[in-house]
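In terms of numbering that gives the first Met the number 0, the sequence shown is residues 0 to 286.
Quick reminder that beta carbons are idealized off the backbone N, C-alpha and C, glycines included.
Following: one structure in structure tokens, then a few remarks.
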Amino acid sequence: MTDDNDNEKAGEPAPVAQRQHRTGLVRVPPALLGSTAFNDAPVPLHISGTRQIHADLFARLDGTRGTHEAAELFQSYMSDVFDISPDFSGSAGADGRKRFRSSYLRLLKGWMFDSNNAEGAVLKGWAESRFGLLPTFHKEPIRRMASEAWAGYLEQKLSTRFHNNRINEQLDLLFEFCQWSVPHLFGPDCAHLTLYRGVNDFEEHHIVETSDSRTACRRTVVLRLNNLVSFSNDRDIAGQFGDHILEARVPCAKLVFFRDLLPRYPFQGEGEYLVVGGDYRVVASIV
């Protein structure tokens, strides 16, 4: 594995935009949440007020007889509360005409098509506001707050097309439902999952630290990943997206969405897991 460029970057301070934080809503300081220390010893994360406001939903979820029934209940609740059409189309108004209403389903579909589109910016903006972690990449590296890259991200993040229908509240509920589902799908003692990400280069990821633990084709590094990032649970599938495979122990507390969460929808093709980012210790290897 070549590392000339890596050696130049490793250990250097991250760009300013990657060292700043917002105030989050999960009662864990963003600097800790985005650290390898948190990943090594995670604690549960909950978005303040979400389960209390929607207490009826979670009480009903506790009474379901399986994860499929729970998923159907969640999707029905979201449809009723936010008037979301299950086929991604608009909702009919009083005149019978369908009108666009932003939904978590549409954002997920857009992210999986291209995480650097407007839907991706809205999702990164939600992660920024809830977890306090700023994005490090959107179409290009975001190295400074006063930059074209940051301005482009802001423009798409604040797009009025997607900021209606209480979209952040929808995403809060998606995260909380995901966290409710984790022990039911992976077991009550599951703290981490081993996941994979394929990359062609490290343009998107600032190299925080390298390790002496390495071979000719494997090395351990600490990377600063985007504030919201995709992984796969299948190494072979990850290899289709780049020549280098990043293998990480991802805290279950950082899962936002995964392939078995909503079995009704076709989100399962790539075994994708949507994860809160920050600094991750990964094993990088060549396909």
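Just tell me which of Ser114, Ile285 and Arg160 has its CA closest to the CA of Asn226. Ser114
Report the CB separation of Glu118 from Trp110 in whole angstroms; it is logged as a contact under 8 Å. 6 Å
Is Leu170 near the ligand ADP, going by C-beta to nearest heavy atom under 8 Å? No copy of the ligand ADP occurs in the structure displayed, which carries no ligand at all.
Pairwise C-alpha distance: Ile52 and Phe230: In a straight line, the C-alpha of Phe230 is about 31 Å away from that of Ile52.
Inter-residue spacing [alpha-carbon to alpha-carbon] between Ile184 and Gly276: Note that residue 184 is Leu in the sequence shown, not Ile. Rounded to the nearest angstrom, the two C-alpha atoms are 22 Å apart.
Can you grab the Cα-Cα spacing for the pair Asn4 / Val42, in whole Å? The predicted position of Asn4 is uncertain, since its pLDDT is 42 and thus under 50; a value taken from the coordinates is nonetheless stated next. Cα-Cα distance, rounded: 35 Å.
Going by DSSP in three states, Ala247 sits in which element: helix, strand or coil? strand
Just reading off the alpha helix (DSSP H) that Val80 is part of, what are its end residues? Its alpha helix (DSSP H) spans residues Thr66 to Phe81.
CA-CA distance, Gly23 and Arg64? 34 Å
State the Cα-Cα distance for the pair Tyr152 and Ser210, rounded to the nearest angstrom. 33 Å
Three-pair Cβ contact test at 8 Å for the stretch 157-167 versus the stretch 132-143: no
Straight-line CA distance for Leu72 to Leu172? 13 Å
Contact check, Val286 vs Asp242 under 8 Å by CB: the rounded distance? 5 Å
CB contact flag (Ala148, Gly197, <9 Å): no
Could you check what DSSP says for Ile285 in three-state terms: helix, strand or coil? It is a strand residue.
Cβ neighbours of Val282 in the same chain (closer than 7 Å, five flanking residues each side left out): Cβ neighbours of Val282 beyond the five flanking positions: Arg217, Thr219 and Glu246.
Cα-Cα separation, His20 to Pro29: 6 Å
CA-to-CA distance, Arg165 to Val181, given in whole angstroms: 25 Å
Which first and last residues belong to the beta strand (DSSP E) in which His191 is found? His191 to Val198
From Leu224, Arg50 and Asp200, residue whose alpha carbon lies closest to that of Cys177: Arg50
Could you tell me whether the Cβ atoms of Leu170 and Leu104 are closer together than 9 Å? no
Leaving out five residues on either side along the sequence, give the residues of the same chain with a beta carbon under 6 Å from the beta carbon of Tyr272. Hits under 6 Å: Leu194, Phe230 and Phe257.
First through last residue of the beta strand (DSSP E) which encompasses Asn232: Where Asn232 is concerned, there is no enclosing beta strand (DSSP E), given that its DSSP letter is neither H nor E.
Would DSSP call Pro140 helix, strand or coil? In the structure shown, Pro140 sits in a strand (DSSP, three-state: E or B).
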